[in-house]
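S.K.: Let me begin by handing over the structure; questions about it come next.
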Amino acid sequence: MVGSLGGIVFEGILTPEKESFKRKRQYNWAEIGSLKKPMLQRIGDKLDEVEFEIKLVKFGDFEPEDWLEKLYNEAEKEEPLTLIIGDYVE
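Mapping of the sequence shown onto the working numbering: position 36 corresponds to residue 79, and the numbering continues sequentially without gaps.
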């Protein structure tokens, strides 16, 4: 797996004993009271959570330490970034 988060290029870590990429979907529910038993109604989606392990690699003039610094700087901005994931073909 290869990809980018914003402009930060990374390589996914694949291990045989566990899945490296996990995605969790959640929904918002409202409880509706009634005379008998309360009911639940789905009222929308929450944001998906994505979890995976990455390896920062040299790409162009950027060293792994440069990517890590850029990642920290982007996190401090607290703005959404585009995540692109793809297959790695040798």
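A virtual CB, placed ideally from N, CA and C, is assigned to each residue, including glycine.
1. If contacts are defined as beta-carbon pairs under 8 Å, then residue 89 and residue 115 qualify, I think. What distance do you get, rounded to the angstrom?
2. For residue 88, does the three-state DSSP call read helix, strand or coil?
3. With H, G and I counted as helix, E and B as strand and the rest as coil, what does DSSP make of residue 124?
4. On a Cα-Cα basis, can you pick out the residue from 47, 54, 49 that is closest to residue 97?
5. Give me the residue from 113, 72, 77, 123 with the minimum Cα distance to residue 85.
6. Roughly how many angstroms lie between the CA atoms of residue 121 and residue 127, to the nearest whole one?
7. Among 76, 95, 87, 91, whose alpha-carbon lies nearest the alpha-carbon of residue 123?
8. Measuring alpha carbon to alpha carbon, tell me which of 49, 81, 65 ends up nearest residue 113.
M.R.: According to the structure shown:
1. Contact doesn't hold; Cβ gap of about 26 Å is too wide.
2. strand
3. coil
4. 54
5. 72
6. 18 Å
7. 91
8. 49
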